[in-house]
Amino acid sequence: AIVGPNGAGKSTLLRVVLRLTDPTGGVLRLDGRDIRDYTLASLRHQMSVVFQDSVLFGLSVRDNIALGNEDATEDAVRAAAQRACLDTLVARLPQGYDTPVRHRGGLFSGGERQRIALARALLRDGRVWLLDEPTNGIDAATAQELVSLLLDATAGRTALWVTHDPAILPQLDRVLVVEEGRAAFTGTPDEYGGWLAQRVSHRSSTVTEET
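First residue of the sequence shown: 689, per our numbering; consecutive thereafter.
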């Protein structure tokens, strides 16, 4: 989990992993190798990405799911859609998987757009998952269902999950706190809870002393 205040650099960290930008200092390694030594195509082929405002294009539902996986079979696309709980929605569409998606997904609700993005990520089946507030702006019931799907999909994989939802943290292995572009803390969720409690206690003591 990657947590911290808005503007701290959480999303920028994911952009560096995707090589949408490169670090101005230091080295980011994947399997011990500088990611700049990989070709962009090779690096990004290993990534499954679900962001809070996932991009959909004016293509068919099928083509949006298969984006970046153009050689995917029809069965593979349908299997990914089924895992993302999209098959019932697609069955209601006038042209099924051939239904065109309006610009930026205007035909669908926020939760439905995220399910399409999740199906795309599942089809890619990346070794590394980048999740940037994937449930932000979605109703609580849909968000909870998407979290369960994402936890299942990322089991045994490397996942960097930017979140403001404290309920997700106990289900992940480690927590990184980013503040002003720096790592303020890294440790297990239990250790994070202790660190946070100590910090709150320190701030309260400071306020009391100033008062």
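Every residue gets a Cβ at the ideal spot worked out from N, C-alpha and C, and that includes glycine.
Along the alpha helix (DSSP H) that carries residue i, what are the first and last residues, could you check?
i      : result
Arg803 : 798-812
Asp840 : 828-841
Leu777 : 775-780
His751 : The sequence given here places Asp at residue 751; His does not occur at that position. Looking at the DSSP string, the run of the alpha helix (DSSP H) that includes Asp751 is 749-753.
Taking buried to mean at least 16 other C-beta atoms within 10 Å of its own C-beta, is residue i buried or exposed?
i      : result
Ala779 : exposed
Ala729 : exposed
Thr842 : buried
Ala885 : exposed
Ala829 : exposed
Gln802 : buried
Would you mind working out which of the options sits nearest residue i, comparing C-alpha positions?
i      : options                        : result
His733 : Val765, Leu811, Ser797         : Leu811
Ala831 : Ala769, Leu795, Asp853, Ala847 : Asp853
Val789 : Ala764, Ala696, Val743         : Val743
Ala855 : Thr823, Phe873, Gly869         : Thr823
Asp751 : Ala768, Thr842, Asp725, Val715 : Ala768
Met735 : Gly756, Arg724, Leu837, Ser748 : Gly756
Asp820 : Arg721, Val738, Val705, Val704 : Val738
Arg862 : Trp849, Glu758, Ser889         : Trp849
Thr846 : Gln783, Asp719, Lys698         : Asp719
Any idea what DSSP makes of residue i, helix, strand or coil?
i      : result
Asp710 : coil
Pro877 : helix
Glu762 : helix
Val888 : helix
Arg790 : coil
Ala672 : A question about residue 672 goes unanswered here, because the residues of the chain that appear run from 689 up to 899.
How far does the beta strand (DSSP E) with residue i in it reach, from first residue to last?
i      : result
Asp861 : Where Asp861 is concerned, there is no enclosing beta strand (DSSP E), given that its DSSP letter is neither H nor E.
Leu819 : 816-820
Ala847 : 846-850
Can you list the alpha helix (DSSP H) stretches of 4 or more residues lying completely in the stretch 696-746, in chain order? Listed in chain order, the complete alpha helix (DSSP H) runs (minimum 4 residues) inside the stretch 696-746 are 698-705, 728-733.
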